[in-house]
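A.B. asks: In this note's numbering, the protein residues as written are 40 to 178.
Handing you this structure, nothing more for now.
Laid out in structure tokens, this is it:
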């Protein structure tokens, strides 16, 4: 995969800014993300782009910095199939009690509103809550 670049909106505390995310697959078919903002550069390599983004978000959380993208939404998480098919570039917007549908698929780097953004742990917690809501519905 050839390197691609996206501009993303960010918040550093209450200050709005923009960053640049470059992403590509390494020779070992691992996902690499490089975030450049405010004369800083962060890079992560992981099994897919969603995991690499989460690693970068964890670094940013310690400094009260967030990326306003779908990959940072509390209700967004990839399925196993979307991770395989898109290398983690596509994920689902989940609604409690409702199974994921194809129209719920979004790009990880597309812009998301601030009120939808969460920490990595809050995002994972919502994903497990969503999974439980599906099994409770079938009981």
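The beta carbon of each residue, even a glycine, is placed where N, CA and C say it ideally should be.
Shortest alpha-carbon distance to residue 173 belongs to which of 147, 137, 52?
C.D. replies: Considering only alpha carbons, the answer is 137.
A.B. asks: Using 8 Å for Cβ pairs, my map puts residue 108 next to residue 47. What's the rounded Cβ distance?
C.D. replies: Contact holds; Cβ gap of about 5 Å.
A.B. asks: Measure the alpha-carbon distance for residue 163 versus residue 77 and round it to whole angstroms.
C.D. replies: About 28 Å.
A.B. asks: In whole angstroms, give me the CA-to-CA distance for residue 74 and residue 165.
C.D. replies: Computed Cα separation, rounded: 25 Å.
A.B. asks: From the DSSP output, which residues share a beta bridge with residue 60?
C.D. replies: Answer is 45, 74, bridged to residue 60.
A.B. asks: Pick out whichever of 88, 71, 118 has its Cα sitting closest to the Cα of residue 82.
C.D. replies: Here the closest residue by C-alpha is 71.
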